[in-house]
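Residue numbering for the sequence shown follows the working numbering, beginning at 11 and increasing consecutively.
Don't be surprised by glycine CBs; every beta carbon is placed ideally from N, CA and C.
Keep in mind that this is a model prediction, so the values were computed, not measured.
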Amino acid sequence: RSSAGSAASEDISIHNFDFPFSDEGTFTKKSKEVYRFSLKAATVVDVVASVNANSTSQGISCTLFRLNSSGLSYEYYFGFESSNECRLNVSLGSGDYQLEAWPKMSGASFSVFTKEGVSNGNDGFREAKALQKGASKVGILNVGDTGDWYKFTLTQETTMTLNISSGDIRCL
């Protein structure tokens, strides 16, 4: 494994990399692999974390966090999971980030691959499209697009209903 710097404990392995990066190995039990990296400018980040399809694994999960000085993260992205992969394609601002990947079954072999991606215009907090009260919004996910982001602003306490229709929707 190539790592610019690495610290390990019993439950977690932390690696510091320059973006873009790739890594592979075998999960120890169900421990997390953690990758920290910095972006000097706004970048669309494409991530594919996968477990060996030939193993008895049942998949992989991944999450990306923007780090800040308090240790809390208000900007985070859940990966889109399918079979033995977890994917992210998000538009990020400059700053420090942490990618976490973990198996659904212990001891699975894995790979993590990152590269600069392409955005369709609403792939993260920075690009979220505004929803207007009472107006309909239609969105389509193209092949390889793992999610679209929308936002709305409330100026006072109110009750609202958000109607979403599709076969497979996740809301955050």
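Chain-order list of residues whose beta-carbon lies under 6 Å from that of residue i (same chain, five-residue window excluded)
{"i": "SER13", "result": "Confidence at SER13 is low in this model, with a pLDDT of 43, below 50, so the placement of that residue should be treated as unreliable; the coordinate-derived value is given next. Same-chain partners within the cutoff: HIS25."}
{"i": "VAL57", "result": "LEU98, THR124"}
{"i": "LYS139", "result": "ASN132, TYR160"}
{"i": "GLY149", "result": "ASP158"}
{"i": "ALA59", "result": "ILE70, CYS72, CYS96, ALA111, VAL122"}
{"i": "PHE47", "result": "PHE27, PHE29, TYR107"}
{"i": "SER23", "result": "GLU43"}
{"i": "PHE31", "result": "THR124"}
Residues near residue i in its chain [Cβ-Cβ closer than 7 Å; skip 5 each side]
{"i": "GLY127", "result": "VAL54, VAL55, ASP56, ASN99"}
{"i": "GLU137", "result": "SER101, SER129, GLY131, TRP159"}
{"i": "GLY103", "result": "ALA52, ARG136"}
{"i": "LYS40", "result": "TRP112, PRO113, SER116"}
{"i": "ASP155", "result": "ASN99, ASN130"}
{"i": "GLN166", "result": "none"}
{"i": "SER83", "result": "PHE75, ARG76, LEU77"}
Residue j beta carbon less than 8 Å from that of residue i
{"i": "PHE162", "j": "GLU85", "result": "no"}
{"i": "VAL122", "j": "ASP33", "result": "yes"}
{"i": "PHE120", "j": "VAL44", "result": "no"}
{"i": "LEU141", "j": "GLY105", "result": "no"}
Supposed contact pair residue j and residue i - C-beta distance, whole angstroms, cut 8 Å
{"i": "LYS37", "j": "ALA118", "result": "Contrary to the premise, residue 37 reads as Phe rather than Lys in this sequence. 5 Å between Cβ atoms; contact."}
Contacting residues, own chain, Cβ-Cβ under 8 Å from residue i (five flanking each side not counted)
{"i": "LYS147", "result": "LYS139, LEU141, TYR160"}
{"i": "LEU164", "result": "MET170"}
{"i": "LYS143", "result": "PHE162, MET170"}
{"i": "ASN152", "result": "ASN130"}
{"i": "SER80", "result": "none"}
At least 3 beta-carbon pairs within less than 8 Å: the stretch 71–78 vs the stretch 100–117:
yes
May I ask you to verify whether the stretch 26–35 touches the stretch 78–91, counting CB pairs closer than 8 Å and requiring at least 3?
no
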